[in-house]
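Numbering (the working numbering), first residue to last: 98 to 394.
Ideal Cβ positions, reconstructed from N, Cα and C, are used throughout, including at glycine.
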């Protein structure tokens with residue numbers, strides 16, 4: 098057999114929180130706040146006064162915004178019309194994609210540019226899936242399929258934003274004037290930290306910092322500046338990906354998995370996996386692997 102193209106095993110996770118389409122009445126406002134997740138916002142009809150950091154602008158029908166996690170923002174509908182919107186919050190554990198999303202504080206795609214992209218078709222597919230998912234006569238199997246549709250089109254929207262933001266500079270605005278872009282030295286140092294985290298056999302941050310001749314605080318600051326997440330968060334996602342891969346592609350028992358991943362016990366591993374994913378590791382493991390593992394045990 099000749100294989101022309103191949104793809105590595107995929108175990109990345111997309112988390113979606115608060116995906117909805119809704120309306121806000123005139124004179125509505127939402128005060129300054131921030132999220133620990135990225136936010137996608139699309140104005141379907143009407144307009145609002147949007148504030149992100151120190152920048153204030155009109156967010157109008159057809160416009161899109163991607164807001165980086167941690168950015169302070171607020172919304173206000175001063176018009177006499179209803180404001181209709183699509184909104185969701187998300188996070189993902191692919192460090193390369195996450196770093197690309199964190200290059201800017203937010204990205205705006207205006208309506209006239211959005212229609213040239215696949216954004217309208219993606220949001221229409223998500224809205225149709227939401228409508229079907231929320232119907233009282235929709236069975237659980239179809240709800241699961243609708244969730245998959247929403248995930249796939251959300252990934253499509255994220256891809257459009259990354260491609261758009263990296264080919265143009267005009268709609269990308271940096272808000273935090275005290276946070277300068279990482280220097281070449283800082284970027285290279287962050288890459289070295291990342292390499293040690295990934296290949297250092299559970300080496301602690303303090304040990305990595307000492308080996309590089311910097312303090313633990315500076316190590317954490319530089320890494321977070323470049324990758325948009327702390328070393329601890331990065332390592333948690335690496336371990337989660339390893340756990341998912343082993344659950345799907347091995348027949349190790351929970352005790353063996355816990356030992357391989359550096360947990361003190363199977364119960365400790367199970368509790369942490371549930372915190373990360375909302376489900377126990379046994380529920381994530383495919384049935385055929387589960388049965389084989391039980392037979393081996």
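- A straight-line Cα-Cα distance of about 34 Å links residue 147 and residue 372.
- For residue 368 and residue 220, the gap between their C-alpha atoms comes out near 35 Å.
- Burial is judged here by how many other beta carbons sit within 10 angstroms of a residue's own beta carbon; residue 99 has fewer than 16 and is exposed.
- By the CB criterion at 9 Å, residue 182 and residue 133 fall outside the cutoff.
- The alpha helix (DSSP H) runs lying completely inside the stretch 199–286 and spanning 4 residues or more are 208–211, 216–231, 237–264, given in chain order.
- Contact check between the stretch 329–345 and the stretch 190–208: three or more CB pairs, one atom from each, fall below 8 Å, which counts as touching.
- Around the beta-carbon of residue 360, 16 or more other beta-carbon atoms lie within 10 Å, marking it buried.
- Contact between the stretch 315–331 and the stretch 168–184 is absent, with fewer than three C-beta pairs closer than 8 Å.
- Spanning the alpha carbons of residue 180 and residue 346 requires a straight line of approximately 47 Å.
- Here the C-alpha atom of residue 198 lies approximately 20 Å from the C-alpha atom of residue 247.
- Residue 145 and residue 118 have their alpha carbons spaced roughly 16 Å apart.
- Annotation: residue 294 to residue 300 spans about 7 Å, alpha carbon to alpha carbon.
- No residue range can be given for residue 382, since it is assigned to no beta strand (DSSP E) and is classified by DSSP as neither H nor E.
- Going by DSSP, residue 161 is part of the beta strand (DSSP E) stretching over 161–164.
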